[in-house]
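K.L.:
Let me give you the structure first, and then I'll get to my questions.
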Amino acid sequence: MSWAPTSRVRAYPWLVAALLLAALAAGRPELAAAAAPIAAVLLAGLLRSRRPRLPGVRVSVSATRLVEGDTVDLTLQVDLPAETAALEVGVLLPPGVEVVDAANPGVLARSGGPRQSLTLPLRPARWGAYSLWTVHLRAFDDFRLRRFEARVRADVVVRVYPSTERLRTLIRPLRTHVYPGSRVAAQKGEGIEFADLRPYVSGDRVRSVNWRASARRGELWVNQRHPERNVDVVLLLDTFAQAGPAGEGTLEQMVRGASSLASAWLRDRDRIGVIAFGGTLRWLEVGAGPLHAYRLIDAFLDTQVVFSYAWKGVDLIPIRLLPPHALIVGITPLLDLRMVTSLFDLHRRGCDVAVIELSPDEHSARPASEPAALAWRIWRLEREAQRARFLQAGIGVASWTEGEPLEPVVMEVEGWRRRARLRIR
Amino acid sequence: MATPRPAPHPLIPALLAVALTAVVAAAGVLHADVDAENRLLVTVIAAVGIAGLLGTIAAVAWSLSDLVGWAVALLAAQYAISVIGGGAALDVEAPLVGVGLLLVAELSYTACEWRGPHAADASVELRRWARLMAAGAAGAVAGGGALALAGAVPGSVPGLLVGAAGVVGMVGLATWLGRSTSGEAPPMA
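Sequence lines, in order, name chains Y and B.
If you read the first sequence in our numbering, its first letter stands for residue 345, the second for the next number, and so on.
If you read the second sequence in our numbering, its first letter stands for residue 38, the second for the next number, and so on.
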């Protein structure tokens with residue numbers, strides 16, 4: 345352990361020397377007698393001071409994956425050196441992690457045994473991957489004349505998943521995939537949902553015969569049904585820009601929304617992919633199943649805004665990331681023209697596109713002057729016009745404000761798309 | 038497996054340090070007031086004592102541990118002025134003054150240390166204070182012995198030599214300790 349003298353060592357010798365010098369100069373032994381207790385403490389402390397060996401520290405956590413709001417117990421197992429009576433153990437926490445109902449640093453007394461454990465209940469404030477935990481160890485000698493310190497880095501990673509909202513309504517894609525799932529397909533085939541009637545042909549199953557219709561028409565008619573299929577959904581996350589401060593802005597809102605949507609679709613056995621479209625392009629191809637759910641969450645945790653001046657369009661997105669008939673859900677604050685243009689381009693190329701707009705209003709400063717208020721109104725009107733252009737083009741869009749549930753937003757988009765489908769028919 | 042408990046409140050040693058400083062400063066003034074007829078001397082002693090008290094208050098209030106040494110030095114200077122200007126009689130309470138200065142310094146340093154991130158174990162702290170008091174008492178006894186010896190044999194050459202060696206030794210120790218460190222780790226945040 346490295347060591348350094350404390351403030352006492354910088355003061356006591358000079359104090360004693362000054363009193364002794366004054367005693368000699370003035371010929372007053374009282375001053376030397378007054379210096380004696382401090383000199384005794386100084387000498388006794390230096391004679392007893394021994395540099396302790398570096399304690400062994402093992403760091404473990406009760407869980408490496410948790411959901412926002414959960415607590416995790418960080419346990420430090422420390423081998424106390426024999427040279428010190430007590431060891432202060434503090435954990436340098438990553439930003440956004442707080443200790444719950446415990447003191448940091450804590451102290452371990454040698455009288456409790458040579459090997460002791462200390463548990464710190466921690467709560468990460470927000471989702472993310474937390475690593476690089478540093479344990480700070482500090483000890484003093486018997487008279488606190490020297491301070492011994494060491495830092496131990498622990499290789500522990502805790503992944504905190506964003507809390508998700510359980511959605512009952514989801515945006516229904518225009519077309520389904522060929523694999524079995526929970527969405528009623530437009531095609532006719534084997535399924536549960538009734539579609540139509542047709543005359544019986546050889547090979548039809550008897551259980552498909554609609555006996556009432558057959559009795560009315562004097563010949564055998566069979567029921568046709570819509571099959572249940574799954575869908576492909578690609579979440580297009582806007583990482584060009586965000587509104588609000590880091591940790592509380594639209595990026596966090598976007599990740600929470602994407603997690604809620606992805607978990608809801610995965611529950612229904614649909615295939616989900618993610619494209620983080622911004623200064624850098626990151627993606628995860630469509631997939632399904634529990635393993636893919638973990639991959640998705642990890643992809644969300646790595647999402648960050650990367651600033652770039654370069655113009656980027658949909659040409660940059662590899663074609664295999666956009667499967668045929670996939671629904672593309674853009675989650676965006678609509679602050680960057682590149683994202684807006686890309687959404688229109690995707691729609692023009694025949695993709696089924698819907699947009700969830702992350703409202704930046706909560707994060708923008710209220711106007712303080714008349715011109716600022718006018719600018720604010722113009723900006724809001726431009727955003728409304730932007731939304732209107734999306735709707736005119738046939739892209740469902742709804743605005744989602746931070747702190748409000750996502751379900752009504754999804755319902756609004758789905759409702760608009762249903763009405764648009766009816767108009768087209 | 039233990040969950041660490043909150044550290045003791047830093048206000049306790051801070052208040053004790055200020056109270057003890059006030060007692061030491063007041064005792065110096067009272068002692069000078071009884072012994073000396075010179076009002077100017079009493080005023081100077083009171084002023085230095087008040088400066089020491091203010092220094093201690095500032096040190097514990099703003100956690101300025103480097104100021105503690107200067108505050109204690111002012112209290113020591115107050116005592117030195119009162120002894121030198123007071124008269125020829127030996128002050129047999131000198132070792133007690135030394136213990137008082139030691140306690141003021143230790144309480145002030147503890148208050149400063151407890152203002153920052155820290156953790157303390159009650160039994161360990163008690164043992165530390167017991168050791169401190171034992172060493173301080175041993176020093177006071179040694180100081181008393183030296184005082185008695187100096188009273189019996191005033192101006193002895195061995196005494197002067199021991200004192201001079203002590204000065205040189207302490208200055209050397211202070212210089213060596215001030216320079217010696219082994220890659221100080223960053224402070225506990």
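Note that the Cβ used here is the ideal one computed from N, Cα and C, for glycine as well.
1. Which residues in the same chain as Arg-467 of chain Y place their Cβ atom closer than 6 Å to its Cβ, once the five residues preceding and following it in sequence are excluded?
2. Is the CB of Val-757 of chain Y under 8 Å away from at least one CB in chain B?
3. Buried or exposed: which applies to Thr-647 of chain Y, given that a residue is buried once 16 or more other Cβ atoms fall within 10 Å of its Cβ?
4. Quick one: is Ala-88 of chain B near chain Y, going by C-beta distance under 8 Å?
5. For a quick check, are the C-beta atoms of Val-353 of chain Y and Met-207 of chain B less than 8 Å apart?
6. Would you say Gly-547 of chain Y and Pro-571 of chain Y are within 8 Å of each other, going by their C-beta atoms?
7. Is there contact here, the segment 76-92 of chain B with the segment 747-766 of chain Y, by at least three beta-carbon pairs under 8 Å?
8. Going by other Cβ atoms of all chains shown within 10 Å of its Cβ, with 16 needed for buried, is Thr-212 of chain B buried or exposed?
9. Candidates Y:Leu-750, Y:Arg-573, Y:Ala-362 and Y:Arg-482: which alpha carbon is nearest Ser-346 of chain Y's?
10. Are the segment 568-586 of chain Y and the segment 528-544 of chain Y touching, with three or more C-beta to C-beta distances below 8 Å?
11. Could you spell out where the alpha helix (DSSP H) holding His-839 of chain Y opens and where it closes?
12. Mind listing the chain B neighbours of Leu-375 of chain Y? Cutoff is C-beta to C-beta under 9 Å, in chain order.
13. Does the segment 431-439 of chain Y come close enough to the segment 368-387 of chain Y that 3 or more CB-CB pairs lie under 8 Å?
14. Which two residues bound the contiguous alpha helix (DSSP H) that contains Arg-600 of chain Y?
15. Please decide whether Ala-226 of chain B counts as near chain Y, where near means a Cβ-Cβ distance under 8 Å.
16. Here's the rule: buried if 16 or more other CB atoms are within 10 angstroms of the residue's CB, otherwise exposed. What is Met-65 of chain B?
17. Quick one: grab the DSSP three-state call for Asp-696 of chain Y.
18. Is Val-754 of chain Y buried or exposed, if buried means 16 or more other CB atoms sit within 10 Å of its CB?
19. Could you name the residues of the same chain whose beta carbon sits closer than 7 Å to that of Pro-50 of chain B, not counting the 5 residues immediately before and after it, in chain order?
20. Looking at Ala-498 of chain Y and Ala-645 of chain Y, is the spacing between their C-beta atoms short of 8 Å?
21. Could you tell me the alpha carbon to alpha carbon distance between Leu-410 of chain Y and Leu-605 of chain Y, rounded to whole angstroms?
22. For the candidate residues B:Ala-131, B:Pro-154, B:Ala-201 and B:Gly-209, whose alpha-carbon lies nearest to that of Ala-447 of chain Y?
23. At the level of alpha carbons, what is the spacing between Ala-175 of chain B and Val-500 of chain Y?
24. Between the alpha carbons of Leu-78 of chain B and Ala-56 of chain B, how many angstroms are there, rounded?
25. Starting from the beta carbon of Asp-486 of chain Y, find every residue of chain B whose beta carbon is closer than 7 Å, and list them in chain order.
26. Would you report the Cα separation of Gln-115 of chain B and Leu-464 of chain Y, rounded to the nearest angstrom?
27. Rounding to the nearest angstrom, what Cα-Cα distance links Leu-718 of chain Y and Arg-710 of chain Y in this structure?
28. By the three-class DSSP mapping on this structure, what secondary structure does Phe-484 of chain Y have?
29. So, is Gly-188 of chain B buried or exposed, given that buried needs 16 or more other C-beta atoms within 10 angstroms?
30. Could you tell me which residues DSSP pairs with Gly-400 of chain Y in its beta bridges?
31. Using the beta-carbon count (16 or more within 10 Å), is Arg-490 of chain Y buried or exposed?
32. Using a Cβ-Cβ distance cut-off of 8 Å, determine whether Pro-154 of chain B contacts chain Y.
33. What's the call for Val-522 of chain Y, buried or exposed, on a 16-neighbour Cβ count within 10 Å?
34. Cα separation between Val-385 of chain Y and Ile-641 of chain Y?
35. Indicate the three-state DSSP secondary structure (helix, strand or coil) for His-155 of chain B in the structure shown.
36. So, is the C-beta of Arg-372 of chain Y closer than 8 Å to a C-beta in chain B?
P.N.:
Based on what the coordinates show:
1. Taking the first sequence and counting its residues from 1, one reaches residue 467 of chain Y at position 123. Taken in chain order, the residues that qualify are Thr-415, Glu-442 and Val-444.
2. As a first step, residue 757 of chain Y is located in the first sequence; it is residue number 413 there, counting from the start. Chain B, which has no Cβ nearer than 8 Å to the Cβ of Val-757 of chain Y, makes this no.
3. Within the first sequence, the letter at position 303 stands for residue 647 of chain Y. Under this definition Thr-647 of chain Y is a buried residue.
4. Position 51 of the second sequence holds residue 88 of chain B. It does not; no Cβ of chain Y falls within 8 Å.
5. The residue given as residue 353 of chain Y occupies position 9 in the first sequence. The residue given as residue 207 of chain B occupies position 170 in the second sequence. In this structure, Met-207 of chain B does not lie closer than 8 Å to Val-353 of chain Y by Cβ.
6. What you label residue 547 of chain Y is simply residue 203 of the first sequence in a count that begins at 1. What you label residue 571 of chain Y is simply residue 227 of the first sequence in a count that begins at 1. Not closer than 8 Å, so no.
7. no
8. If you number the second sequence from 1, residue 212 of chain B lands on position 175. Classification of Thr-212 of chain B: exposed, given that the 10 Å Cβ count is below 16.
9. Here residue 346 of chain Y corresponds to residue number 2 of the first sequence, with the count starting at 1. When only C-alpha atoms are compared, the closest one is Y:Arg-482.
10. yes
11. Here chain Y has residues from 345 to 769 only, and residue 839 of chain Y is not among them.
12. Numbered from 1 along the first sequence, position 31 holds the residue referred to as residue 375 of chain Y. Simply Ala-113, Tyr-116, Ala-117, Val-120, Ile-121 and Ala-131.
13. no
14. Mapped onto the first sequence, residue 600 of chain Y falls at position 256. Start and end: 594-611.
15. In the second sequence, counting from the first residue as 1, residue 226 of chain B sits at position 189. Residue placement at Ala-226 of chain B is flagged as unreliable, the pLDDT there being 47, under the threshold of 50; the coordinate-derived value follows with that caveat. With 8 Å as the cut-off, Ala-226 of chain B counts as an interface residue toward chain Y.
16. Residue mapping note: residue 65 of chain B aligns to position 28 of the second sequence, counting from 1. The sequence shown places Gly at residue 65 of chain B, rather than the Met named in the question. The residue is buried, with at least 16 neighbouring Cβ atoms inside 10 Å.
17. Along the first sequence, read from residue 1 onward, the residue named residue 696 of chain Y stands at position 352. In this structure, Asp-696 of chain Y counts as strand in the three-state DSSP scheme.
18. For the purposes of this step, residue 754 of chain Y is taken as the residue at position 410 of the first sequence. Result: buried.
19. Residue 50 of chain B sits at position 13 when you count from the first residue of the second sequence. Closer than 7 Å at Cβ, skipping near neighbours: Leu-144, Thr-147, Ala-148 and Trp-151.
20. Along the first sequence, read from residue 1 onward, the residue named residue 645 of chain Y stands at position 301. Along the first sequence, read from residue 1 onward, the residue named residue 498 of chain Y stands at position 154. The identity of residue 645 of chain Y in the sequence shown is Leu, whereas the question assumes Ala. Their beta carbons are not under 8 Å apart, which means Leu-645 of chain Y does not touch Ala-498 of chain Y by this criterion.
21. Sequence index remark: in the first sequence, residue 410 of chain Y carries index 66 (1-based). Sequence index remark: in the first sequence, residue 605 of chain Y carries index 261 (1-based). Distance between the alpha carbons of Leu-410 of chain Y and Leu-605 of chain Y is about 19 Å.
22. Counting from 1 along the first sequence, the entry for residue 447 of chain Y is found at position 103. Checked all of B:Ala-131, B:Pro-154, B:Ala-201 and B:Gly-209; the closest Cα to Ala-447 of chain Y is B:Pro-154.
23. If you number the second sequence from 1, residue 175 of chain B lands on position 138. If you number the first sequence from 1, residue 500 of chain Y lands on position 156. Going from the Cα of Ala-175 of chain B to the Cα of Val-500 of chain Y covers about 50 Å.
24. The count along the second sequence starts at 1 and reaches residue 78 of chain B at position 41. The count along the second sequence starts at 1 and reaches residue 56 of chain B at position 19. Near 24 Å, if we compare the C-alpha coordinates of Ala-56 of chain B and Leu-78 of chain B.
25. In the first sequence, the residue the question calls residue 486 of chain Y occupies position 142. Going along chain B in sequence order, the residues near Asp-486 of chain Y (Cβ under 7 Å) are Arg-165 and Arg-168.
26. One-based indexing of the second sequence puts residue 115 of chain B at position 78. One-based indexing of the first sequence puts residue 464 of chain Y at position 120. Going by the C-alpha atoms only, they are around 49 Å apart.
27. Your numbering for residue 718 of chain Y matches position 374 in the first sequence. Your numbering for residue 710 of chain Y matches position 366 in the first sequence. C-alpha separation (whole angstroms): 11 Å.
28. If you number the first sequence from 1, residue 484 of chain Y lands on position 140. Correct three-state label for Phe-484 of chain Y: strand.
29. Residue 188 of chain B sits at position 151 when you count from the first residue of the second sequence. By the neighbour-count rule (16 or more Cβ atoms within 10 Å), Gly-188 of chain B is not buried but exposed.
30. Sequence index remark: in the first sequence, residue 400 of chain Y carries index 56 (1-based). Looking at the DSSP assignment, Gly-400 of chain Y forms a beta bridge with Y:Asp-423.
31. Numbered from its first residue, the first sequence carries residue 490 of chain Y at position 146. So Arg-490 of chain Y counts as buried.
32. Within the second sequence, numbered from 1, the residue matching residue 154 of chain B stands at position 117. Yes, because at least one Cβ of chain Y sits closer than 8 Å to the Cβ of Pro-154 of chain B.
33. In the first sequence, residue 522 of chain Y corresponds to position 178, counting from 1. Val-522 of chain Y comes out exposed.
34. Locating residue 385 of chain Y in the first sequence gives position 41, where the first residue counts as 1. Locating residue 641 of chain Y in the first sequence gives position 297, where the first residue counts as 1. Cα-Cα distance, rounded: 60 Å.
35. Walking along the second sequence from the start, residue 155 of chain B turns up at place 118. Three-state result, His-155 of chain B: coil.
36. Position 28 of the first sequence holds residue 372 of chain Y. Closer than 8 Å: yes.
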